[in-house]
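Chemist: I am attaching a structure below and will ask some questions about it afterwards.
2 protein chains.
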Amino acid sequence: MLLRTNTPSSRPVDGHLAALAGERVFCSEFRYRRGTEVFGEGEETEYVYQIIAGAVRTYKLLSDGRRQINSFHLPGDMFGLENGAVHRFTAEAVVETRVRITRRRSLLETMQGRESGASSFLGLVTRNLQHAENHMLLLGRKTALERVAAFLLELDERLGHPRILVLPMSRRDIADYLGLTLETVSRACSTLRGQKMLKFEGATQRQIVLLDRKGLAEYDA
Amino acid sequence: MLLRTNTPSSRPVDGHLAALAGERVFCSEFRYRRGTEVFGEGEETEYVYQIIAGAVRTYKLLSDGRRQINSFHLPGDMFGLENGAVHRFTAEAVVETRVRITRRRSLLETMQGRESGASSFLGLVTRNLQHAENHMLLLGRKTALERVAAFLLELDERLGHPRILVLPMSRRDIADYLGLTLETVSRACSTLRGQKMLKFEGATQRQIVLLDRKGLAEYDA
DNA sequence: CGTAATGTTGACTCTCATCAAGTTCTGTGG
DNA sequence: CCACAGAACTTGATGAGAGTCAACATTACG
Numbered sequence: 002m003l004l005r006t007n008t009p010s011s012r013p014v015d016g017h018l019a020a021l022a023g024e025r026v027f028c029s030e031f032r033y034r035r036g037t038e039v040f041g042e043g044e045e046t047e048y049v050y051q052i053i054a055g056a057v058r059t060y061k062l063l064s065d066g067r068r069q070i071n072s073f074h075l076p077g078d079m080f081g082l083e084n085g086a087v088h089r090f091t092a093e094a095v096v097e098t099r100v101r102i103t104r105r106r107s108l109l110e111t112m113q114g115r116e117s118g119a120s121s122f123l124g125l126v127t128r129n130l131q132h133a134e135n136h137m138l139l140l141g142r143k144t145a146l147e148r149v150a151a152f153l154l155e156l157d158e159r160l161g162h163p164r165i166l167v168l169p170m171s172r173r174d175i176a177d178y179l180g181l182t183l184e185t186v187s188r189a190c191s192t193l194r195g196q197k198m199l200k201f202e203g204a205t206q207r208q209i210v211l212l213d214r215k216g217l218a219e220y221d222a
Numbered sequence: 002m003l004l005r006t007n008t009p010s011s012r013p014v015d016g017h018l019a020a021l022a023g024e025r026v027f028c029s030e031f032r033y034r035r036g037t038e039v040f041g042e043g044e045e046t047e048y049v050y051q052i053i054a055g056a057v058r059t060y061k062l063l064s065d066g067r068r069q070i071n072s073f074h075l076p077g078d079m080f081g082l083e084n085g086a087v088h089r090f091t092a093e094a095v096v097e098t099r100v101r102i103t104r105r106r107s108l109l110e111t112m113q114g115r116e117s118g119a120s121s122f123l124g125l126v127t128r129n130l131q132h133a134e135n136h137m138l139l140l141g142r143k144t145a146l147e148r149v150a151a152f153l154l155e156l157d158e159r160l161g162h163p164r165i166l167v168l169p170m171s172r173r174d175i176a177d178y179l180g181l182t183l184e185t186v187s188r189a190c191s192t193l194r195g196q197k198m199l200k201f202e203g204a205t206q207r208q209i210v211l212l213d214r215k216g217l218a219e220y221d222a
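Structure (structure tokens):
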């Protein structure tokens with residue numbers, strides 16, 4: 002959507018982001034191995050990212066290691082574009098992830114030219130805010146089962162209701178997104194399976210078929 | 002800050018907001034009794050508000066009545082300015098509250114003229130987002146005591162570290178903001194008092210003196 | 001194919017919610 | 001200004017939902 006218009010050419014690059022810093026590339030493709038940090042909390046907001054394939058988690062940590070994942074970013078999603086000079090959270094690749102990278106400055110310059118630029122930026126921030134508002138309701142007031150049901154429906158929605166929902170993230174990631182423990186997430190999935198709301202497809206527990214979206218939605222009070 | 006520049010004149014008006022709808026006032030003052038709704042979830046975003054005195058809570062409800070308060074707005078704060086056509090949550094006066102009201106349209110028009118306008122708007126949304134990000138960490142991962150300590154420090158900070166912290170909101174409001182019950186909030190306050198981190202001033206439990214801000218900050222892991 | 005990572009399940013614990021009683025505070029009317 | 005009623009707050013007893021600890025199963029991956 003947004004970045005796509007500012008992408009005259011893209012060439013694959015290997016190595017860490019720092020390798021890009023000295024170059025004058027306008028926009029290029031990049032690859033992160035699973036678990037790799039894309040940027041850290043407090044780092045300068047020098048680049049803007051769009052996912053081509055894979056998934057990214059953004060999170061905050063407490064001093065003793067407790068983690069809260071703000072959001073998962075999926076193919077097509079943009080992230081890392083913030084108003085301030087430094088990132089307010091950390092971004093990591095959940096799985097092997099390909100990303101399109103643009104310099105923040107050049108993006109903002111391009112934006113200033115077009116009238117739609119500023120409003121695209123605003124729309125992006127607003128969408129994030131809206132998601133955060135809904136997530137606060139979930140974290141503050143929903144039960145474990147409601148949270149997991151809401152999570153599955155959110156992902157299903159964002160992936161366009163595929164027959165098989167392929168989760169890129171682990172139970173621990175889901176737990177840290179939903180404010181639960183991985184055991185509780187696992188139990189909730191088992192409960193929902195017992196209620197015939199979902200089933201696991203194939204060998205792995207990362208592939209889920211939603212059998213009863215309406216039933217799941219009822220949990221999502 | 003923002004609205005102040007767009008306030009050629011203001012006159013006090015009584016009665017409900019609807020009374021304003023037909024009028025051609027550019028900006029005026031308004032009063033809400035405690036517990037009164039300023040706007041509801043789903044209503045059109047026709048006005049923008051700035052608090053002169055009092056306090057406002059914004060919240061979302063689940064179908065069975067569970068409530069999550071997103072934020073409290075205090076004197077000087079703006080609220081109700083959203084990107085979309087309808088409000089995503091409800092706003093209510095916590096106590097008797099005086100508010101400055103502007104038509105959204107006229108504010109946005111004024112903004113378009115100035116270069117600073119769009120960035121003020123963006124700054125507002127960004128601050129809200131930043132607050133929401135921190136609050137998700139609190140709701141997802143902090144203990145009851147940590148939440149209450151964080152709440153007191155947040156309010157203390159926003160009110161400019163007064164000797165006496167006067168809470169405009171009830172224990173229930175605090176609970177619904179922190180994702181707890183009112184009993185748990187009450188107990189946490191008692192615990193902190195037992196630890197000499199705070200004391201109640203005068204007759205009421207709404208007036209708190211923070212005796213050990215450093216100690217409270219340590220809870221805020 | 002074997003080892004490490006991930007996921008499930010069970011037993012038990014603990015924090016916070018619920019229920020309930022009593023106290024304190026506030027606002028209103030006499 | 002005081003008395004009263006309702007709201008707000010505190011505190012205690014108990015319970016439930018989710019966390020912790022642990023064992024085991026399954027899957028992924030070199």
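First to last, the sequence lines map onto chains A and B.
Take the first sequence: its letter number 188 is residue 189 in this note's numbering, and every next letter is one higher.
Take the second sequence: its letter number 78 is residue 79 in this note's numbering, and every next letter is one higher.
Where a beta carbon is used, it is the ideal one built from N, C-alpha and C, also for glycine.
Keep in mind it's a predicted model, so treat the numbers as computed, not measured.
Any idea if Lys200 (chain A) is buried or exposed, counting beta-carbon neighbours within 10 angstroms, 16 or more meaning buried?
Modeler: It counts as exposed.
Chemist: By the criterion of Cβ-Cβ separation under 8 angstroms, what are the contact partners of Met79 (chain A) in chain B?
Modeler: Per Cβ cutoff of 8 angstroms: no residues; Met79 (chain A) is ~15 angstroms from chain B at best.
Chemist: Which residues in chain A sit within 8 angstroms of Val126 (chain B), going by Cβ to Cβ distance?
Modeler: Here the neighbours are Leu123, Val126, Thr127, Leu130.
Chemist: Please classify Gln113 (chain A) as buried or exposed, where buried requires at least 16 neighbouring CB atoms within 10 angstroms.
Modeler: That one is exposed.
Chemist: Of the residues B:Leu179, B:Arg105, B:Leu63, B:Phe90, which one's Cα is nearest the Cα of Tyr50 (chain B)?
Modeler: Measuring from the Cα of Tyr50 (chain B), the nearest candidate turns out to be B:Arg105.
Chemist: List, from N- to C-terminal side, the alpha helix (DSSP H) runs of 4 residues or more that fit wholly inside the region 35-112 of chain A.
Modeler: Counting only runs of 4 or more, we get nothing.
Chemist: By the three-class DSSP mapping on this structure, what secondary structure does Leu181 (chain A) have?
Modeler: Correct three-state label for Leu181 (chain A): coil.
Chemist: Compare the C-beta of Gly216 (chain B) against all C-beta atoms of chain A and say whether one is closer than 8 angstroms.
Modeler: So, not an interface residue.
Chemist: To the nearest angstrom, how far is the alpha carbon of Asp174 (chain B) from that of Gly161 (chain B)?
Modeler: The alpha-carbon atoms of Asp174 (chain B) and Gly161 (chain B) are separated by roughly 21 angstroms.
Chemist: What separation, rounded to the nearest whole angstrom, lies between the Cα atoms of Gln208 (chain B) and Ile165 (chain B)?
Modeler: When rounded, the distance between both Cα atoms is 6 angstroms.
Chemist: From the DSSP output, which residues share a beta bridge with Ser29 (chain A)?
Modeler: BP columns for Ser29 (chain A) point to A:Ile102.
Chemist: Can you tell me where the beta strand (DSSP E) holding Leu199 (chain A) begins and where it ends?
Modeler: It spans 199-201 - the beta strand (DSSP E) in which Leu199 (chain A) sits, taken as one unbroken run.
Chemist: With DSSP as the reference, label Leu140 (chain B) as helix, strand or coil.
Modeler: Of the three classes helix, strand and coil, the one that applies to Leu140 (chain B) here is helix, per DSSP.
Chemist: What is the C-beta distance between Leu156 (chain B) and Arg142 (chain A), in whole angstroms, given that I count them as a contact (C-beta under 8 angstroms)?
Modeler: About 21 angstroms separates the two Cβ atoms, so there is no contact after all.
Chemist: Using the beta-carbon of each residue, which ones in chain A are nearer than 7 angstroms to Met137 (chain B)?
Modeler: Under the 7 angstroms cutoff, chain A gives Gln69, Asn71, Ala133, His136, Met137, Leu140.
Chemist: Quick one, which of A:Val210, A:Tyr48, A:Thr59 has its alpha-carbon nearest Glu134 (chain B)'s?
Modeler: When only C-alpha atoms are compared, the closest one is A:Thr59.
Chemist: For chain B, is any of its Cβ atoms less than 8 angstroms away from the one on Gly41 (chain A)?
Modeler: Taking Cβ atoms only, chain B never reaches closer than 8 angstroms to Gly41 (chain A), which makes this a no.
Chemist: Strictly by DSSP, which residues pair up with Ala196 (chain A)?
Modeler: According to the sequence provided, residue 196 (chain A) is Gln. The question's Ala does not apply to it. Paired residue(s): none; Gln196 (chain A) is not in a bridge.
Chemist: Can you tell me where the alpha helix (DSSP H) holding Leu217 (chain B) begins and where it ends?
Modeler: It spans 214-220 - the alpha helix (DSSP H) in which Leu217 (chain B) sits, taken as one unbroken run.
Chemist: Return the residues of the region 79-95 of chain A that lie within a Cβ-Cβ distance of less than 9 angstroms from chain B, sorted by chain order.
Modeler: Listed by position along the chain: Glu83, Asn84, Gly85, Arg89, Phe90.
Chemist: Which chain B residues are close to Gly180 (chain A), counting only those with a beta carbon under 7 angstroms from its beta carbon?
Modeler: In chain order: Leu140, Gly141, Arg142.
Chemist: Is there a C-beta anywhere in chain A that falls below 8 angstroms from the one on Ala222 (chain B)?
Modeler: It does; some Cβ of chain A falls within 8 angstroms.
Chemist: Between Asp65 (chain A) and chain B, is there a C-beta pair that is closer than 8 angstroms?
Modeler: By this cut-off, Asp65 (chain A) is an interface position.
Chemist: Using a Cβ cut-off of 8 angstroms (strictly closer), state whether Lys61 (chain B) contacts chain A.
Modeler: Yes - at least one Cβ of chain A is within 8 angstroms of the one on Lys61 (chain B).
Chemist: Take every Cβ of the region 87-100 of chain A, pair it with every Cβ of the region 81-101 of chain B, and state whether three or more of those distances are shorter than 8 angstroms.
Modeler: Output reads no: the region 81-101 of chain B does not touch the region 87-100 of chain A.
Chemist: Which residues in the same chain as Arg32 (chain B) place their Cβ atom closer than 6 angstroms to its Cβ, once the five residues preceding and following it in sequence are excluded?
Modeler: Once the five neighbours on either side are set aside, the close Cβ partners of Arg32 (chain B) are Arg99.
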